[in-house]
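Written below as C-alpha cells is the structure these notes are about.
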Ligand code: AMP
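Now the structure itself:
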C-alpha cells in the first residue's frame, strides 16, 4: 500500500475552506508532483486499460485536468461536463443536488453518440450528487457508462455506494475519514 500512502501524502488538506467545518482536499499539490500525477492517471483507469473506451467525460473543473490526461492515456476523446451556460453549442442539461439546494450541469448534445463507451472522471466523490447527475446526463444522450473514477473517496458520505446502486462500477484511489 505504499503507492496509496505516498499519493495520500501529496494531497493538501485545508481546514474551514470554503466554509467552516469543511476539510478541503486540495489536489493541486498532487498535480504538481510529476510522479504522483502520472501514477494517479495510470491507476485511475487501470481496471479498464486494454478495453475499448470511446470517450472520457470530465466534470468541471478539476475533472478536466484529470480527464484530459486520462483520455490521452487511453487514446479516447474528451468530453467536458460544465456548469450551466458555459457551453456554446446546443446542450442537454440535468439538475443535481448540492449540499444546499440544486444546480444544473450541461454537455453538448452531440458530444457522445448513442452506445459509445464512456468513463467519467472527477477528483473527489463526497455525497455523490454531482457524479450521479453526470451519470444521468450521460445516459440521457445514450452513453454506455463503463465506470466512474475518482482520486479521493469520502466513504462516510456514501457517494460511491450511490453510484454503485445505479450500476456504475466505481474506482477510487485513496480515502479520507469524515467530510
Ligand atoms: P459531491 O457531489 O457531494 O459528491 O461533491 C463532489 C464535488 O465537490 C467534486 O467536484 C469535488 O471536487 C467537490 N468537493 C466536495 N467535497 C470536497 C472536499 N472536502 N474537498 C475538495 N473538494 C470537494
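Numbering (the working numbering), first residue to last: 6 to 184.
Glycine included, C-beta positions come from ideal geometry on N, C-alpha and C.
Inset, instruction - Could you tell me which residues DSSP pairs with residue 163 in its beta bridges? - result: For the purposes of this step, residue 163 is taken as residue 158 along the chain shown, with counting starting at 1. DSSP lists no partner for residue 163.
With a CB to CB cut of under 6 Å and the five nearest residues on each side skipped, what residues in its chain are close to residue 125? What you label residue 125 is simply residue 120 of the chain shown in a count that begins at 1. Cβ within range, chain order: 62, 139, 153.
Return the first residue and the last residue of the alpha helix (DSSP H) that residue 77 is part of.
Position 72 of the chain shown, counted from the start, is the residue given in the question as residue 77. Its alpha helix (DSSP H) spans residues 67-78.
**Q.** Same chain only: Cβ atoms within 7 Å of residue 134, ignoring 5 sequence neighbours per side
**A.** Residue mapping note: residue 134 aligns to position 129 of the chain shown, counting from 1. Around residue 134: 101, 102, 103.
**OP:** Using three-state DSSP, classify residue 153 as helix, strand or coil.
**Re:** If you number the chain shown from 1, residue 153 lands on position 148. Reduced to three states, the DSSP call for residue 153 is strand.
beta-carbon residue 127 near the ligand AMP non-hydrogen atom, thresh 7 Å: Taking the first residue of the chain shown as 1, we reach residue 127 at position 122. It does: the Cβ of residue 127 is within 7 Å (strictly closer) of some heavy atom of the ligand AMP.
Discussion item. Quick check on DSSP: helix, strand or coil for residue 142?
Written reply: Here residue 142 is taken as the residue at index 137 of the chain shown, counted from 1. If DSSP states are grouped into helix, strand and coil, residue 142 belongs with the helices.
query: When the distance is taken between beta carbons, is residue 137 closer than 8 Å to residue 92?
result: Numbered from its first residue, the chain shown carries residue 92 at position 87. Numbered from its first residue, the chain shown carries residue 137 at position 132. No, Cβ-Cβ distance for residue 92 and residue 137 is not below 8 Å.
>> Checking the sheet assignment: what are the DSSP bridge partners for residue 176?
In response: Along the chain shown, one-based indexing puts residue 176 at 171. Looking at the DSSP assignment, residue 176 forms a beta bridge with 154.
Check your understanding: Smallest Cα separation from residue 115: which of 107, 143, 129, 106?
Key -> For the purposes of this step, residue 115 is identified with residue 110 of the chain shown, where counting begins at 1. Of 107, 143, 129, 106, the residue nearest in Cα terms is 143.
- Query: Would you say the beta carbon of residue 64 comes nearer than 7 Å to a heavy atom of the ligand AMP?
  - Reply: Taking the chain shown and counting its residues from 1, one reaches residue 64 at position 59. Indeed, a heavy atom of the ligand AMP lies less than 7 Å from the Cβ.
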